[in-house]
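Everything in the sequence shown is counted per our numbering, starting at 313 for the first residue and increasing by one.
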Amino acid sequence: MSTYKIKLTALFIIMFGVFLGAFAGSAQASHSWGTYHWARTSNPFTLKLGDNLTSSWDPYLATTSSDWSASSILDTTVVAGVSNPKRCQASSGRVEVCNSKYGTNGWLGIAQIWVSGSHITQGVTKLNDTYFNTATYNTSAWKNLVMCQEVGHVFGLDHQDENFSNPNLVTCMDYSNDPSTNQHPNTHDYEQLEAMYSHLDSFTTIQAPSQKLPFGLSVSNDIQNGSLENRSEWGKTLKDNGRTALYERDLGNGNKVFTFTIWAVE
313 MSTYKIKLTA LFIIMFGVFL GAFAGSAQAS HSWGTYHWAR TSNPFTLKLG
363 DNLTSSWDPY LATTSSDWSA SSILDTTVVA GVSNPKRCQA SSGRVEVCNS
413 KYGTNGWLGI AQIWVSGSHI TQGVTKLNDT YFNTATYNTS AWKNLVMCQE
463 VGHVFGLDHQ DENFSNPNLV TCMDYSNDPS TNQHPNTHDY EQLEAMYSHL
513 DSFTTIQAPS QKLPFGLSVS NDIQNGSLEN RSEWGKTLKD NGRTALYERD
563 LGNGNKVFTF TIWAVE
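Below is the structure:
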């Protein structure tokens, strides 16, 4: 083989390796669940997390807020909650975070997101103490993982991996049977947020609860702000692998509610 061909082959191998590396990094970081995002007119933006938690859960929300605020595109601030924790009703323009004994309904934690078109308008995160009070889940690792992940869903993030038996990816957006190293976001989560929120909108859906959004949900307040904690209220199943699930309830006119669920092992 001529020297020219050897050099050309070597260059091709190098370029192919660079391509594969870039593709692998991009694929791992690509874990949004569609085009859903909060509308806002500038970056970085700040999203309020309403604290409807008992004191034992407050440190976990503080950690989650601090972790996600490390993003270059997003800040969160913990504010007083405005919801009854048992119902955990949503509030326009913000996220309500609640814990309660929701019963043996199968779910350990859920995140629910109301959207209009492609824009998130409000969200809730719920932690089920019925299971978190058991020996299996009453650990800081499980509480950090579920809190961090469910709040992450409300930004528009999906899981990086849903196989509980795979090696940990060192992110709360990765499910695991051993959450010890999956308690916080990782670099790929921050990269995905930057990609999702790289553009700006002409209006914002991040507002105080007393302000009206530039569009409304054409449904009753019970559906718009209801607790929706039972599976029968979540609409059609988009995916369910037995440990995690995603549901969609179509409210009409481009308005939907999505429910992310992590099932408890009973």
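Just so it is clear, CB atoms sit at the ideal spot from N, CA and C, and this is done for glycine as well.
Open item on the list: Across the segment 501-515 and the segment 405-416, are there enough close Cβ pairs to call them in contact, namely three or more that are closer than 8 angstroms?
Closed with: Contact between the segment 501-515 and the segment 405-416 is absent, because fewer than three Cβ pairs lie under 8 angstroms.
Open item on the list: Which residue wins for smallest C-alpha separation from residue 460, given the options 552, 381 and 476?
Closed with: Nearest to residue 460 by C-alpha distance, out of 552, 381 and 476, is 381.
TODO: Kindly identify the DSSP beta-bridge partner or partners of residue 431.
DONE: Bridge pairing for residue 431: 349 and 428 [DSSP].
- [ ] Assign residue 505 to one of three DSSP states: helix, strand, or coil.
- [x] In the three-state reduction of the DSSP assignment, residue 505 falls in the helix class, which pools H, G and I.
- [ ] Measuring alpha carbon to alpha carbon, tell me which of 447, 471, 451 and 458 ends up nearest residue 265.
- [x] Any question about residue 265 goes unanswered here, given that the chain covers just 313 to 578.
Task: For residue 372, the three-state DSSP class (helix, strand or coil) - done: DSSP places residue 372 in helix when its eight states are reduced to three.
Task: Per-residue burial, residue 451 [other beta carbons within 10 Å of its own, 16 or more giving buried] - done: Residue burial is scored here from C-beta neighbours: residue 451 has fewer than 16 other C-beta atoms within 10 angstroms and is therefore classed as exposed.
Task: Alpha-carbon to alpha-carbon, residue 393 and residue 483 - done: Each residue's Cα considered, the two are about 27 angstroms apart.
Task: Of the residues 348, 374 and 476, the one placed nearest residue 435, counting alpha carbons only - done: The option with the nearest alpha carbon to residue 435 is 348.
Open item on the list: In the DSSP output, what is residue 455 paired with across the bridge?
Closed with: DSSP, once it has assigned bridges, lists no residue as partnering residue 455.
Task: Buried/exposed call for residue 354, threshold 16 Cβ in 10 Å - done: Looking at its Cβ environment, which holds fewer than 16 other Cβ atoms inside 10 Å, residue 354 is exposed.
Task: Identity of the residues DSSP links to residue 559 by a beta bridge - done: Note: residue 559 sits in a beta bridge opposite 549 and 571.
TODO: Express the C-alpha separation of residue 547 and residue 568 in angstroms, rounding to a whole number.
DONE: Pairing residue 568 with residue 547, the inter-Cα distance amounts to about 10 angstroms.
Open item on the list: Tell me whether the segment 363-375 and the segment 540-554 touch, counting them as touching only if at least three CB pairs, one residue from each stretch, are closer than 8 angstroms.
Closed with: No: fewer than three Cβ pairs fall under 8 angstroms.
Open item on the list: Just list the residues that DSSP pairs residue 466 with in beta bridges.
Closed with: Note: residue 466 sits in no beta bridge, so no partner.
Task: Simplified DSSP assignment, three categories, for residue 410 - done: DSSP, reduced to helix, strand and coil, places residue 410 within a strand of the structure shown.
- [ ] Excluding the 5 residues preceding and the 5 following residue 397 in the sequence, name in chain order all residues of the same chain whose CB lies nearer than 6 angstroms to its CB.
- [x] The beta carbon of residue 397 is closer than 6 angstroms to those of 364, 410 and 412 in its chain, skipping five residues each way along the sequence.
Task: Other residues of its chain near residue 343: CB distance less than 7 angstroms, five sequence neighbours each side excluded - done: These residues qualify, in order along the chain: 469, 470, 471, 472, 485 and 504.
- [ ] Compare the Cα-Cα distances from residue 386 to each of 559, 506 and 558 and report the closest residue.
- [x] For the options 559, 506 and 558, the alpha carbon positioned closest to that of residue 386 is the one of 506.
Open item on the list: My output table needs one value for residue 366: the three-state DSSP class, helix, strand or coil.
Closed with: In this structure, residue 366 counts as coil in the three-state DSSP scheme.
Open item on the list: Quick check on residue 493: does DSSP put it in helix, strand or coil?
Closed with: If DSSP states are grouped into helix, strand and coil, residue 493 belongs with the helices.
Open item on the list: Let me make sure I understand the geometry here. Which of 554, 383 and 559 has the alpha-carbon closest to that of residue 467?
Closed with: Selected option, being the one with the closest Cα: 383.
TODO: Can you have a look at residue 479 and say buried or exposed, based on whether 16 or more other CB atoms are within 10 angstroms of its CB?
DONE: With fewer than 16 Cβ atoms within 10 Å of its Cβ, residue 479 is classed as exposed.
Open item on the list: residue 497 and residue 379 - do their beta-carbons sit closer together than 7 angstroms?
Closed with: Yes, Cβ-Cβ distance for residue 379 and residue 497 is below 7 angstroms.
- [ ] Determine, using beta carbons only, whether residue 425 and residue 432 come nearer to each other than 7 angstroms.
- [x] By the CB criterion at 7 angstroms, residue 425 and residue 432 fall inside the cutoff.
Task: For residue 513, three-class secondary structure by DSSP - done: Three-state DSSP puts residue 513 in coil, outside helix and strand.
TODO: Decide if residue 488 is buried, meaning its Cβ has at least 16 other Cβ atoms within 10 Å, or exposed.
DONE: So residue 488 counts as buried.
Task: Where the alpha helix (DSSP H) through residue 486 begins and ends - done: Careful: residue 486 lies outside any alpha helix (DSSP H) and carries neither H nor E.
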